[in-house]
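Enquirer:
Residue numbers (my numbering): 39 to 237.
#1: Quick one: grab the DSSP three-state call for residue 209.
#2: Where does residue 41 land, buried or exposed, given buried means 16+ other C-beta within 10 angstroms?
#3: Locate the alpha helix (DSSP H) running through residue 199, then write down its first and last residues.
#4: Have a look at the DSSP bridge pairing and note the partners of residue 144.
#5: State buried or exposed for residue 120, treating a residue as buried only when at least 16 other CB atoms are found within 10 Å of its CB.
#6: Please state the DSSP three-state secondary structure of residue 51.
#7: Determine whether the beta carbon atoms of residue 129 and residue 93 lie at a separation below 9 angstroms.
#8: Looking at the strands, I want to know which residues DSSP matches up with residue 78.
#9: Would you call the CB atoms of residue 39 and residue 56 closer than 9 angstroms?
#10: Across which residues does DSSP place residue 130 in a beta bridge pair?
#11: With distance defined between alpha-carbon atoms, name the residue in 213, 105, 195 nearest to residue 134.
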């Protein structure tokens, strides 16, 4: 994907298409896309520029043998959501069909879930659900007769590692840490069949 987009991204950079990491920054910290496997996220501080980027990307992807996946076409406005008509974004498929984008308030991105305010709570809640999914996939290891030490080791390798994936981007305030500790202790008590002590 990156090789396919190389010339297009260079053109976006020259024209200033994207968004800066800091409003006061006029340097090189312009970001306009993210990629993972065959997933592409476009980032822009202007609805008009974003539609241009979608249009130009539409003309680029067929050369790599790719097509749009209609169910994955999503658009999310940031802090200026009220001033952005997110329902107007469309792309054109290889057969000429117009494909609309679905407006969302939360979006999965590289293992995280981001929302319009960039709230850490959204990401933490999402990752905790992934941790629980990992636990239930290996439920026999956690709810079976294994010794506590083995369960704790498996917990650290599985659910806990899944839950804190991507945490380098989190703003770890006291309430976020409390939510994580409460979540972890609740599941460990269930796995170890331990009762909560009063006080």
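Ideal Cβ positions, reconstructed from N, Cα and C, are used throughout, including at glycine.
Expert: A quick look at the data gives this:
#1: If DSSP states are grouped into helix, strand and coil, residue 209 belongs with coil.
#2: By the neighbour-count criterion, in which 16 or more other beta carbons inside 10 Å mark a residue as buried, residue 41 falls on the exposed side.
#3: From DSSP, the alpha helix (DSSP H) with residue 199 extends over 197–201.
#4: BP columns for residue 144 point to 153.
#5: Its pLDDT being 49, under 50, residue 120 is placed unreliably in this model, and the value from its coordinates should be taken loosely. Per the 10 Å Cβ criterion, exposed.
#6: When DSSP states are grouped into helix, strand and coil, residue 51 belongs to the helix group.
#7: Taking 9 angstroms as the cut-off, the Cβ atoms of residue 129 and residue 93 count as close.
#8: As DSSP reads the structure, residue 78 sits in a beta bridge with 73.
#9: Result no, Cβ atoms of residue 39 and residue 56 do not sit closer than 9 angstroms.
#10: DSSP lists 136 as the beta-bridge partner residues of residue 130.
#11: Taking each of 213, 105, 195 in turn and checking the Cα distance to residue 134, the smallest one comes out for 105.
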